[in-house]
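To keep things clear, I will list the structure first and then write my remarks on it.
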Amino acid sequence: MSKKEAEGSFRKRKLDISHTQQIREERDGNPSSAVMLAFKTFQQELDTKHDKYERLVKLSRDITIESKRTIFLLHRVTSVPDVEEVLAESEDKLDGVKLKIKLIALELIGEDLYQYHRAFTPGIQEYVEAVSFQHFIKERSLISLEQINKDLIFIEDKKNEEPEGLSSDSQDEKDKPVCFQVTPTDYLLGVADLTGELMRLCISSVGNGDIDTPFELSQFLRQVYDGFSYIGNTGPYEVSKKLYTLKQSLGKVEDACYALKVRGSEIPKHMLADVFSTRAALVESDEGIS
Amino acid sequence: MLAVVARIVWAAHRIHSFLSIISTDSAPSVWFPNRATEMSVNEMFSGIQGFLSADQDVREDIRKVVQGLEQTAREILTVLQSVHQASGFKDIPSKCQRGRELFCTVRSHLGDLKTKFPAEQYYRFHEHWRFVLQRLAFLAAFVVYLESETLVTREEVTQILGIEVNREKGFHLDIEDYLSGVLTMASELSRLAVNSVTAGDYSRPLRISNFINELDSGFRLLNLKNDPLRKRYDGLKYDVKKIEEVVYDLSIRGLAREPGSGGEE
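So the protein sequences, as listed, match chains Y and H. In this text, residue positions in the first sequence follow this note's numbering: the first is 1, and each later residue adds one. In this text, residue positions in the second sequence follow this note's numbering: the first is 291, and each later residue adds one.
Structure follows, in structure tokens:
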């Protein structure tokens with residue numbers, strides 16, 4: 001097909017399109033009819049909703065990325081002499097994440113939290129994971145939902161972009177602190193992910209010749225696992241799914257502890273890491289210590 | 291209602307009580323587990339467990355009411371389905387009347403549903419009644435169309451069902467559910483067009499055709515995402531096509547009284 005022909009056919013097609021549009025417009029009848037007017041308002045309503053949803057998804061993604069980075073940073077705790085420094089840095093990072101969560105809270109003022117829940121739940125779970133990981137490294141305990149939510153109460157500074165006295169409820173919001181409430185389900189899912197991180201922490205600390213941490217971790221993980229077993233299938237479906245991974249993590253940590261107990265005293269430190277990469281199934285070794 | 295709120299408040303209280311168990315004032319040495327925390331892990335999980343089982347009880351109550359709603363919706367549908375039979379065209383008004391009577395039952399069921407959960411948590415349990423609400427919106431729209439051949443407004447649907455339009459006021463009809471109901475009605479009308487020709491009513495398809503075309507152009511104003519509503523909307527063009535074929539068939543055979551779209555002899 002020559003260029004000219006192509007152009008010609010293109011022009012023809014354009015003509016066709018405008019022609020069909022004309023037909024359509026004729027067929028559509030009156031653009032200011034009741035139905036069309038109704039749908040115009042629906043269009044606005046849906047667009048507003050979708051825009052808000054997209055904004056929340058963006059925020060959630062940022063929160064996920066930042067929280068993941070915080071977790072990686074915290075994993076360096078085992079190999080860095082100065083623990084405090086790492087913790088301080090993670091604190092800074094988490095403060096940044098909290099600011100993002102505050103933006104989510106602002107988006108949700110006057111909205112039903114659950115209407116947009118799916119937009120931001122991944123980010124919130126990741127944040128729970130990061131904040132509980134940090135808390136564990138600091139305190140050796142599980143952070144409570146209550147405490148996470150307490151850290152997410154933001155005192156609202158006067159919004160400058162809003163002129164004074166817009167409406168009565170915006171006045172109320174100025175007096176009220178903005179707060180974000182993590183739902184128990186998000187908390188549970190975040191804690192389930194935390195166990196995976198703790199398993200990694202355990203293996204890497206063994207590699208560094210730390211003999212105490214694995215035992216501590218296995219104890220803690222056992223408690224968490226018992227907790228999840230206690231909830232069992234009363235919880236939502238996602239929680240039951242995570243239970244399987246949790247069990248695997250616990251198994252790895254328990255195997256590590258077992259290996260340390262039985263043979264730890266005989267293996268040179270630098271070879272410890274190799275032992276855990278292969279599952280310690282050498283139970284029938286005749287070096288059983290009674 | 292009060293019982294539900296009490297349960298949820300109780301669960302929240304349980305969760306709240308963890309705070310008192312955790313002692314954060316004495317920072318434990320980093321490498322030794324704090325004995326007090328052993329309790330707290332269990333405590334935390336049992337608190338959350340309390341919350342979850344309260345949540346499940348609420349869902350159970352909602353499911354029971356929704357079952358009743360679905361039953362009534364099926365009854366209404368059965369009444370209205372009879373317009374598709376050849377004999378059914380004669381007494382459409384009486385069928386609509388019967389349908390409207392059944393909507394009283396729907397109203398009382400929905401009133402019951404409102405008491406089962408805290409009003410501000412509508413979207414938390416939304417998926418339980420989403421399907422049936424779409425179905426009811428469709429039925430209401432269908433009744434209104436059969437009576438007056440106009441598109442039901444959102445306000446009318448909420449009046450028929452005895453619920454609110456705005457989220458702030460309580461149990462409301464979500465816009466997407468309303469639109470889904472309207473789309474279901476469109477496919478029902480394309481069926482009706484075919485069956486009305488069979489029954490010898492040649493003017494109805496033309497009216498339905500105009501109505502559906504207007505609906506189609508209305509929907510084309512919306513910017514839909516890739517959600518269930520979009521998938522349903524994608525089916526609308528087939529309904530439009532089907533009705534146009536019926537109109538075409540009528541006009542080439544000179545059965546249409548009014549000039550149809552195309553097919554001038």
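Don't be surprised by glycine CBs; every beta carbon is placed ideally from N, CA and C. Since this is a predicted model, take the numbers as computed values, not measurements.
Item to complete: Determine the burial state of Y/G165: buried for a count of at least 16 other Cβ atoms within 10 Å of its Cβ, exposed for fewer.
Response: With a pLDDT of only 37 at Y/G165, under 50, the local geometry of the prediction cannot be trusted, and the value read off the model is given with reservation. Classification for Y/G165: exposed.
Fill in: Where H/R414 meets chain Y, residues with beta-carbon distance less than 7 Å
Y114
Practice prompt. Determine whether the Cβ of Y/I231 lies closer than 8 Å to any Cβ atom of chain H.
Written response: yes
Fill in: Beta-carbon neighbours of H/L469, restricted to chain Y and to distances below 8 Å
F42
Fill in: Proximity below 8 Å, CB of Y/V295 to CB of Y/V182
Missing from the structure shown is residue 295 of chain Y; chain Y here goes from 1 to 290 and no further.
Practice prompt. Could you work out which residues of chain Y lie near H/V331, taking near to mean beta carbons separated by less than 9 Å?
Written response: S141, L142, F220, Q223, V224, D226 and G227
Discussion item. Suppose you measure from the CA of Y/V224 to the CA of Y/S218; what does that come to, to the nearest Å?
Written reply: 10 Å
Practice prompt. Could you check if Y/S132 is buried or exposed, using at least 16 other CB atoms within 10 Å of its CB as the buried criterion?
Written response: buried
Item to complete: Would you kindly report the start and end of the unbroken alpha helix (DSSP H) that includes Y/P236?
Response: Where Y/P236 is concerned, there is no enclosing alpha helix (DSSP H), given that its DSSP letter is neither H nor E.
Discussion item. Checking the sheet assignment: what are the DSSP bridge partners for Y/F154?
Written reply: Y/V178
Discussion item. Per DSSP, what are the beta-bridge partners of H/E454 in this structure?
Written reply: H/H462
Fill in: Residue range of the unbroken alpha helix (DSSP H) whose run includes Y/S204
P184 to G207
Worksheet entry | Residues near H/S477 in its chain [Cβ-Cβ closer than 7 Å; skip 5 each side] | G525 and D529
Practice prompt. Spatial neighbours of Y/A105 within its chain, please: CB distance less than 6 Å, with the 5 preceding and 5 following residues excluded, ordered by chain position.
Written response: V178 and F180
Discussion item. If I measure Cβ to Cβ from Y/E89 and keep anything under 8 Å in the same chain, skipping five residues before and after, which residues do I get?
Written reply: L73
Worksheet entry | the segment 362 to 382 of chain H: positions lying closer than 8 Å to chain Y by Cβ | none
Worksheet item: Cα separation between H/Q375 and H/V369?
Response: 11 Å
Fill in: Cutoff 8 Å: H/D315 Cβ touching any chain Y Cβ
Note that H/D315 scores a pLDDT of 34, beneath 50, so its modelled location is shaky; the value from the coordinates is reported in the next line. With 8 Å as the cut-off, H/D315 does not count as an interface residue toward chain Y.
Worksheet item: Is the beta carbon of H/L342 sitting closer than 8 Å to the one on Y/I231?
Response: yes
Worksheet item: H/I465 versus chain Y: which residues are under 7 Å apart at the beta carbon?
Response: F42, E45 and L46
Practice prompt. Report the three-state DSSP secondary structure of Y/S33 (helix, strand or coil).
Written response: coil
Worksheet item: Near H/Y523, which residues of its chain fall below 7 Å by C-beta distance, leaving aside the five closest residues on each side in sequence?
Response: L473, F509 and L514
Worksheet item: Whose Cβ in chain H lies nearer than 7 Å to the Cβ of Y/G235?
Response: L342
Worksheet entry | When H/E437, H/T395, H/K354 and H/K380 are compared against H/A640, the one with the closest alpha-carbon | The requested residue 640 of chain H is not part of the displayed model; chain H covers only 291 to 555.
Worksheet entry | Cβ neighbour criterion (16 or more within 10 Å) applied to Y/Y237 | exposed
Worksheet item: With distances taken from CA atoms, which of Y/D82, Y/K247 and Y/E139 is nearest Y/S229?
Response: Y/K247
Discussion item. Please tell me whether H/K515 has its Cβ less than 8 Å away from any Cβ of chain Y.
Written reply: yes
Worksheet item: Y/L188 versus chain H: which residues are under 8 Å apart at the beta carbon?
Response: I338
Worksheet item: From which residue to which residue does the alpha helix (DSSP H) around H/H374 run?
Response: First-last for H/H374: undefined, no H or E at that position.
Worksheet item: Which residue from Y/R61, Y/D112, Y/K100 and Y/I137 puts its Cα closest to that of Y/L87?
Response: Y/I137
Fill in: Which of helix, strand or coil DSSP assigns to Y/V80
coil
Practice prompt. Measure from the alpha carbon of H/S499 to the alpha carbon of each residue in H/F407, H/T440, H/D402 and H/S336, then state which is nearest.
Written response: H/T440
Worksheet item: Using DSSP with H/G/I as helix, E/B as strand and the rest coil, what is Y/R222?
Response: helix
Worksheet item: Which of helix, strand or coil does DSSP assign to Y/A368?
Response: This structure gives no information on residue 368 of chain Y, because the portion of chain Y shown stretches from 1 to 290.
Discussion item. On the criterion of 16 or more Cβ atoms from any shown chain inside 10 Å, does Y/A34 qualify as buried, or is it exposed?
Written reply: exposed
Item to complete: Check the Cβ of H/R457 against every Cβ in chain Y and list those closer than 7 Å, keeping chain order.
Response: D112
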